[in-house]
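One structure below.
Next up, the structure:
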């Protein structure tokens with residue numbers, strides 16, 4: 097089974113209820129089950145998107161925002177989501193999150209990134225792209241550019257809706 101990045105956009109009250117459930121449960125079950133429409137499976141795209149950004153000259157604040165969108169932050173205590181046997185990321189460590197204010201900033205900055213232009217700046221040959229952004233790209237079916245553009249657009253749209261709804265985003269590798 098492949099380990100992929102998962103994101104969930106949730107209200108702060110849901111996270112508080114999960115924390116309370118874990119504290120009250122004898123086996124520390126947080127009852128984590130965000131609604132399916134509010135979960136995004138970003139597959140293996142995060143590292144590849146980061147490498148595309150670097151290779152195409154994205155730097156500074158926009159590159160940091162892209163990284164933050166897929167790395168989260170460790171400012172919120174999410175240890176209760178990493179407690180076995182109910183850990184949501186059994187292979188990937190403690191989940192991270194962005195609070196509502198961080199989500200709003202990341203959403204705005206992702207909206208300023210022209211991923212199509214970044215991808216267009218890469219070499220035309222997919223083998224050259226693979227050597228530039230990493231061997232994981234060789235396993236993508238349907239074209240590297242289409243895969244990365246689709247995943248970036250999904251990430252951007254996910255954060256946009258989270259910001260509009262004033263939700264926080266929890267990230268974990270599963």
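Residue numbers (the numbering used here): 97 to 270. No residue lacks a Cβ here, since even glycine has one placed at the ideal position from N, Cα and C.
Measure the Cβ-Cβ separation of residue 171 and residue 193 and say whether it is below 9 angstroms.
Sequence index remark: in the chain shown, residue 171 carries index 75 (1-based). Sequence index remark: in the chain shown, residue 193 carries index 97 (1-based). Yes, the Cβ-Cβ distance between residue 171 and residue 193 is below 9 angstroms.
Can you grab the Cα-Cα spacing for the pair residue 243 / residue 122, in whole Å?
Reading the chain shown from its first residue, position 147 is the one you call residue 243. Reading the chain shown from its first residue, position 26 is the one you call residue 122. Spanning the two alpha carbons is a distance of roughly 43 angstroms.
Tell whether a beta-carbon distance below 9 angstroms holds between residue 245 and residue 152.
Mapped onto the chain shown, residue 245 falls at position 149. Mapped onto the chain shown, residue 152 falls at position 56. The answer is no: Cβ separation not under 9 angstroms.
Whole runs of the alpha helix (DSSP H) within the segment 133–188, excluding any shorter than 4 residues:
141–151 and 156–167
What distance in whole Å lies between the Cβ atoms of residue 101 and residue 267, which are believed to be in contact at a cut-off of 8 angstroms?
The count along the chain shown starts at 1 and reaches residue 267 at position 171. The count along the chain shown starts at 1 and reaches residue 101 at position 5. Going by Cβ atoms, the distance from residue 267 to residue 101 rounds to 6 angstroms, so yes, they are a contact pair.
The beta strand (DSSP E) that contains residue 236, what's its start and end?
As a working mapping, residue 236 is identified with position 140 in the chain shown. Premise fails: residue 236 is in no beta strand (DSSP E) and is neither H nor E.
Looking at the unbroken beta strand (DSSP E) that takes in residue 192, where does it start and where does it end?
Counted from its first residue, the chain shown places residue 192 at position 96. Here the beta strand (DSSP E) through residue 192 covers 192–194.
Beta-carbon proximity of residue 163 to residue 254, cut-off 9 angstroms:
Taking the chain shown and counting its residues from 1, the one referred to as residue 163 is at position 67. Taking the chain shown and counting its residues from 1, the one referred to as residue 254 is at position 158. No. Outside cutoff.
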